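Q: Just dropping this structure here.
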Amino acid sequence: MSELSQLDYEHLIKRVIEFNPNANLEIIKKAYEFIKKAHAGQKRESGEDYIQHPLRVAYVLAKLELNSVTIAAGLLHDVIEDTNTTAQKIRDEFGEEIAYLVRGVTKITKLKFESKEEKKAENLRKVLFATAKDIRVILIKLADRLHNMQTLRYCVPEKRERIATETLEIYVPIAHKLGIYLIKSELEDLCLRFLHPDIYTFIAAKVSEKKDEREQKITELIELLKLKINEIEIPIYAIQGRAKSFHSIYNKMNKKNKSFEEIYDLLALRIITNSIENCYKILGLIHSNWVYIKSEFEDYIANPKPNGYQSIHTQIMLNKKPVEIQIRTLDMHRESEEGIAAHWRYKGTDRDKKFDRKISWLKQILEWKRNSTNAVDFIETLKIDLFKDEIYVITPKGEPIALPEGSTPVDFAYEIHTNLGNLCKQAKVNNLIRPLDYVLQSGDIVEIITQKKVKPSRQWLNFVKTNLAKSKIRQSLGLVIKEKKKDNFQHSKDLLDMVITDIDKKMVRISKCCNIENGTKIVGFKTKDNRVHIHNSDCPNVKELDQNKLINMQLTEQKEDLIKFNITVKDRIGIAMDILSAISTKGINIKSINMKEHRGNTIVSIKIDIAKLTPEQLNDLILEIKAIRDVVDLNQI
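Residue numbers (the numbering used here): 23 to 659.
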């Protein structure tokens, strides 16, 4: 064994002991001794001994603080594919658990993603199926892909492009969905390096050029924040400067159409404290000492991202320059770096409820695939499920449920249980009866009213959003339907919300003979039962209808109704957060917030826009805000 290999092995063991002094080192040592013999004489394309690869894969798994069995499987992950070792041999030597993990990684490695769409879709399904059965399979594969990308420069150009493209399309989204920032961000940067080398080189040169100046500014800001936080005696584990990844700089330059200087000059810090309460206290301190940019404020503690990510994000102005600040607890920090891997620790493989919620998206995708015959649709669905924006609604028992934007009570019902969806009769949203196609908002409390004889309606397919709901409705109806992408209204409610008329929306139907697009001229036909059927104005069938029963109609965009408050308060640390907490704990959607200090005194005006409420909800909220200490006055604008 070479000196480098010995050093790497010792480094691996040292890292394992750091996070788990009681780790089973024997199983790791046994796996290491096994691969020394199995990979003896083999070389990587880089020219280094092959054993360096499994060692580095195992080290990534150790950085994620996974258990000894998983690390041992990481060491062994290539022996079935690249040596004469059989799966039975692994089972005999190391047991069924390790053998299963190694077989799972081997199966994924053999899959090819550059083939035709049907085969590509099936291979994607296999990756996700393996992931859903045991998340450690994909964690090992992600670590394997990371080291392969780190050494990709030694491959021929065609292979570099193929592997980098596959990584960006398949493995980066999965790492993102699982919340493993440590792997995701480095994979993204490496993909940028090999797919867009000129852009990568440009950004790298610019970053190097400004490194010293930036580090000086970060150091000064950290000292200033430490001083302020110490004044209110809040414990902090760390205040860190956050280096932007090259890929994130590239993305922001594209999305915001800004220069490198505009993106990179924005300083970024992370504050890690000991409790959620202190996160909000620190936020109050920051907002009371500096002007903050309301459009950049995000509370991911109250509303976590779909992959479980939690932090408070805010942006302040310091010396006329914007500064990004993240505030989180130590547990949130670990989970943001390690994602779902944080739920697999050396203590065992017990799965908690949070873990099961995190992989529920995998099971939903697989369920939808079993009921779809269209490979292209499956790939598109995968992209939607990996990147979609989400809302959080609340069950009557107070449990948050993640759904895609635009979801309805029917989507919610199927998310809870198939039978709840199939027997769904009515829905209560915030204690009010709402139609089943009602579009839910974050913070809504949703209750489903069932009836035994009720069955799913085919019309539900016109407005449900989740692929799980579509799959279950089709199953119940006995349908296999190929969805087609159209540049028209996907849901009848999209259209009905744009119709200017005094007719009850429940009485309006879109005629099956017409595709209504935004900008289309429309006409309504009043039927005998007083319903209105909407047609394109040039629909041939309109000529056959009784012209006296036609109704002129048109489409227009509707503006969202908002409730606007102007709240006058005495300036103190935490007053803004007390008000925001009063609103957010009621599940009310905050649309915007703006604070203005009156010169010459300690009075501050806070303007807040929130989503429309019922009169009862509005009255309760006003009373609660007025009861907050140092609230002087509240006016509804």
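We put the CB at the ideal spot given by N, CA and C, even for glycine. Please read these numbers as outputs of a predicted model, since none were measured by experiment.
What are the residues that DSSP puts in a beta bridge with Asn276?
A: For Asn276, which the question treats as bridged, DSSP gives no partner whatsoever.
Q: Just verifying my parser: in three-state terms, what is the DSSP assignment at Phe485?
A: It is coil, neither helix nor strand.
Q: Only counting the same chain, and skipping five residues up and downstream in sequence, which positions put a Cβ closer than 8 Å to that of Val654?
A: Same-chain partners within the cutoff: Thr590, Val591, Lys592, Ile625.
Q: Rounding to the nearest angstrom, what Cα-Cα distance links Gly63 and Cys177 in this structure?
A: If I take the Cα positions, the gap works out to 20 Å.
Q: What do you get for Gly465, buried or exposed, if any count of 16 or more other CB atoms within 10 angstroms of its CB means buried?
A: By the neighbour-count rule (16 or more Cβ atoms within 10 Å), Gly465 is buried.
Q: Along the alpha helix (DSSP H) that carries Asp114, what are the first and last residues, could you check?
A: Counting along the chain, the alpha helix (DSSP H) containing Asp114 begins and ends at 109 to 116.
Q: Given this structure, state the Cα-to-Cα distance separating Ile256 from Tyr31, to the nearest angstrom.
A: Cα to Cα, the separation comes out at about 41 Å.
Q: Locate the beta strand (DSSP E) running through Ser627, then write down its first and last residues.
A: That run of the beta strand (DSSP E) goes 625 to 633.
Q: Going by the beta-carbon positions, is the gap between Ile308 and Thr351 smaller than 8 Å?
A: In this structure, Thr351 does not lie closer than 8 Å to Ile308 by Cβ.
Q: Any contact between the region 71 to 89 and the region 163 to 182? By contact I mean 3 or more CB pairs, one from each, below 8 Å.
A: The answer is yes - the region 163 to 182 touches the region 71 to 89, with three or more Cβ pairs under 8 Å.
Q: For the candidate residues Asn453, Ala424, Val476, whose alpha-carbon lies nearest to that of Asn441?
A: Checking every option, the nearest Cα to that of Asn441 belongs to Val476.
Q: Closer than 8 Å is the cut-off here; do at least three beta carbon pairs connect the region 553 to 570 with the region 275 to 291?
A: Segments in contact, no.
Q: Whose C-alpha, out of Lys206, Pro179, Lys181, is nearest the C-alpha of Ile192?
A: Here the closest residue by C-alpha is Lys206.
Q: Classify Lys239 as helix, strand or coil using the three-state DSSP reduction.
A: Helix at Lys239.
Q: To the nearest angstrom, report how far apart Val38 and Ile597 are at their CA atoms.
A: Going by the C-alpha atoms only, they are around 45 Å apart.
Q: Cα separation between Gly69 and His61?
A: Approximately 14 Å, taken between the alpha carbons.
Q: Could you give the first and the last residue of the continuous alpha helix (DSSP H) run that contains Arg78?
A: 74 to 85 is the span of the alpha helix (DSSP H), which, as asked, contains Arg78.
Q: Determine, using beta carbons only, whether Ile423 and Ala449 come nearer to each other than 8 Å.
A: Contact: no.
Q: Looking only at its chain, what residues have a beta carbon closer than 8 Å to the beta carbon of His269, apart from the 5 residues adjacent to it on each side?
A: Around His269: Ser207, Glu210, Asp211, Cys213, Leu214.
Q: Buried or exposed for Ile647, please, with buried defined as at least 16 other CB atoms from any protein chain shown within 10 angstroms of its CB.
A: It counts as buried.
Q: What three-state label does DSSP hand Ile470 in the structure shown?
A: Strand.
Q: Would you mind sorting Leu34 into buried or exposed? The rule is 16 or more other CB atoms within 10 Å of its CB.
A: With 16 or more other Cβ atoms within 10 Å, it is buried.
Q: I believe Ile261 touches Lys280 by the beta-carbon criterion, under 8 Å. Please report the beta-carbon distance rounded to the nearest angstrom.
A: At roughly 26 Å, the Cβ-Cβ gap does not stay under 8 Å, so Ile261 and Lys280 are not in contact.
Q: Is the region 179 to 187 in contact with the region 215 to 232, if contact means three or more CB pairs nearer than 8 Å?
A: Yes, the region 179 to 187 is in contact with the region 215 to 232.
Q: Under three-state DSSP, which class holds His335?
A: In this structure, His335 counts as strand in the three-state DSSP scheme.
Q: Rounded to whole angstroms, what's the CA-CA distance from Met617 to Glu638? Just pull it up for me.
A: So the two alpha carbons sit approximately 27 Å from each other.
Q: In this structure, what does DSSP give as the bridge partners for Val159?
A: Val159 pairs with nothing; no bridge assigned.
Q: Can you tell me whether Asn588 is helix, strand or coil according to DSSP?
A: Strand.
Q: When burial is assigned at 16 or more other CB atoms within 10 Å of the CB, is Pro326 buried or exposed?
A: Its Cβ being crowded by 16 or more others within 10 Å, Pro326 is buried.
Q: Would you decide whether Leu98 is buried or exposed? Buried here means 16 or more other CB atoms lie within 10 Å of its CB.
A: Leu98 comes out buried.
Q: Could you pull out every residue in the same chain whose Cβ sits closer than 7 Å to the Cβ of Lys507, ignoring the five residues on either side in sequence?
A: A caution first: Lys507 carries a pLDDT of 34, below 50, which makes its placement in the model too unreliable to give a value.
Q: Classify Glu40 as buried or exposed, calling it buried when 16 or more other Cβ atoms lie within 10 Å of its own Cβ.
A: With fewer than 16 other Cβ atoms within 10 Å, it is exposed.
Q: Taking buried to mean at least 16 other C-beta atoms within 10 Å of its own C-beta, is Gln110 buried or exposed?
A: Gln110 is exposed by the Cβ-count criterion.
Q: Hey, would you say Tyr460 sits closer than 8 Å to Pro478, going by beta carbons?
A: Against a cut-off of 8 Å, the Cβ pair of Pro478 and Tyr460 comes out as no contact.
Q: Any idea if Asp524 is buried or exposed, counting beta-carbon neighbours within 10 angstroms, 16 or more meaning buried?
A: Residue placement at Asp524 is flagged as unreliable, the pLDDT there being 40, under the threshold of 50; the coordinate-derived value follows with that caveat. Exposed, by the Cβ-count rule.
Q: Taking the alpha carbon of Arg292 as the reference point, which residue from Asn311, Lys266, Ile467, Ser317 has its own alpha carbon closest?
A: Cα-wise, what sits closest to Arg292 is Lys266.
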